[in-house]
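Take a look at the structure below.
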Amino acid sequence: MSEEILVNVTPRETRVAVVESGMLQELHIERASRRGVVGNIYKGRVQRVMPGMQAAFVEIGLERAAFLHASDIHRLPAEPMAEGDVPAPTPPITSLVHEGQEIVVQVVKDPIGSKGARLTTQLSIPSRYLVFLPQSRVLGVSARIEDEAERARLKDIVAGLANGGGQGYIVRTNAEGQPAEAMAEDVAYLRRAWEVVRHAAERTPVGGRIYEDLPLPLRAVRDLMRKNVDKVRVDSREALERIRGFAQQFMPALADRIEHYAGERPIFDLYGVEDEIQRALQKEVPLKSGGYLVIDQTEAMTTIDVNTGSFLGQRNLEETVYRTNLEAAQAVARQLRLRNLGGIIIIDFIDMTDEEHKRQVLRMLEKGLSNDHARTSVHDFSPLGLVEMTRKRTTESLERQLCEPCHECGGRGSLKTPETLTYEIFREITRAVRQFEASQLLVIASPRVVGRITEEESASVAELEEFLGKSIRFQADEQYAQEQYDVVLL
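Following this line, the structure appears as structure tokens:
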């Protein structure tokens, strides 16, 4: 499967697209006004301790205080744990931190919606092939490396490089097949980086940033560039030089795949990425068979409904449903990645009676998710025929990065009808007349609402005027949203 990484750089925004076999799979966006903070290390101060939540709120210089759970606070074990030991239960938060305490923390989840950033004191620093855990003795290997011999080889290499230094490492997926020399370079880099962090932590004031993760173009190359990536195409010469310099230092074997895109057409237009982004903001996702998905993102979870649409199939209903669900499973995996949807996800596939068909649909979904960089967990069909899954979320979804709630409906996705607003206005007129003295009333509303009142409800207006003994005038204003109106006493 051919894969390309496209880097589009403008003065205030950088976008990175991952394209597989000509189709957009992932989109990452970083804006100068709102850079993500995941991976950054700060010196914070404990603002409030919440024993009932087993958590504390920590001030780290962001807009909102960040959240630190007791389970994310590093504790040195009394003695090293033996294999098979059960971890000790998390002690009360009040025994771990206190209000006013200075504390070094790392962001593991960006602020999302109304929630502040999620923190940990269990610090980690990533490199090309490893994640360094300075406060741990763990030596782990990514679960995505499935070959047992390769896992053992990598673990032996890292154990030798760690040399009993009392610090931990996790081997990343990118390390598969890499020689010991490449791993040694990463270990040396990480040790230097940790020394810088340690010294900075002593000098940095409360609320200050001790360590910042790489900017998006370099982070994308570090995390996304693998052997199956054919090219990295960059439309900025300045960014190209920075990326090439980084690649030559940390991944020289792949540096020659990074090239400048100098075409007249914008790089995202050339690959159809802009059109794909627009489609990724729609609720409906058409399937080639004629079926479609409906994706609804809410605060609590994301729901995905699968419909057959115009697909009638060639054989019988069960076969039609099975084929549609197979195609939908592939599409769902891609959409989750593309839209960066996380948290709890409920998929309502079309009902199937054949158990083997259900297994095949789940396999197809899991296969589609196998290339996803975010951690996912898929459960079997529930008694109601729903598939429940989770996908780790560290940043806002694509929609919430690019859009804001509708000013007309306040994010509800629907508006009160002109008929509903008509009767609401009539009630407001009655309420106003009973509370205040006035000889005449003026109602200002949107043209659509005023049009309905004056055309279809003229008899009702006449009855209301007679009942109240007041004259009522209506004025249409193009500046008023459909649900907006004012009743003015004259």
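Heads up: the sequence shown begins at 294 in my numbering, then just goes up one per residue. For glycine and all other residues, C-beta sits at the position ideal for the given N, C-alpha and C.
Between the region 697-713 and the region 753-767, the count of C-beta pairs closer than 8 angstroms stays below three; the two stretches do not touch. Contact between V401 and Y335 does not hold, since the beta-carbon distance rounds to 12 angstroms and is not under 8 angstroms. With respect to V726, K685 sits apart: the two C-beta atoms are not nearer than 8 angstroms. Under the 8 angstroms Cβ criterion, the region 544-564 does not count as touching the region 661-675, having fewer than three qualifying pairs. When the five nearest sequence neighbours on each side are left out, the beta carbons in the same chain lying within less than 8 angstroms of the beta carbon of S675 are those of E681, in order along the chain.
Membership of D479 in the alpha helix (DSSP H) is indicated by the continuous run 473-496. In this structure, V522 keeps its C-beta atom at 8 angstroms or more from the C-beta atom of V300.
Counting only the Cα atoms, T414 lies some 16 angstroms from R341. Taking 3 residues as the minimum length, the beta strand (DSSP E) runs contained wholly in the region 497-558 are 502-504, 522-527, 551-553, in order along the chain. Within the same chain, Cβ atoms closer than 6 angstroms to the Cβ of G409 are found at R357, A358, A359, F360, the five residues on either side in sequence being excluded. Look at the beta carbons and you see the region 690-699 not touching the region 721-736: under three pairs across the two are nearer than 8 angstroms. Bounds of the beta strand (DSSP E) holding T303 are 296-303. Counting along the chain, Y615 sits inside the alpha helix (DSSP H) bounded by residues 610-632.
M594 is bridged by DSSP to I637.
Between I366 and V424, the C-beta spacing is not below 8 angstroms.
Judged by DSSP in its simplified three-state form, D589 adopts strand.
The Cβ atoms of L783 and A731 sit closer than 8 angstroms to each other. Residue range 441-455 is occupied by the alpha helix (DSSP H) that includes K448, with no beta strand (DSSP E) assigned at that position.
Here the C-alpha atom of H700 lies approximately 10 angstroms from the C-alpha atom of E776. With fewer than 16 other Cβ atoms inside 10 Å of its own Cβ, D568 counts as exposed. In this structure, E620 keeps its C-beta atom at 8 angstroms or more from the C-beta atom of G661.
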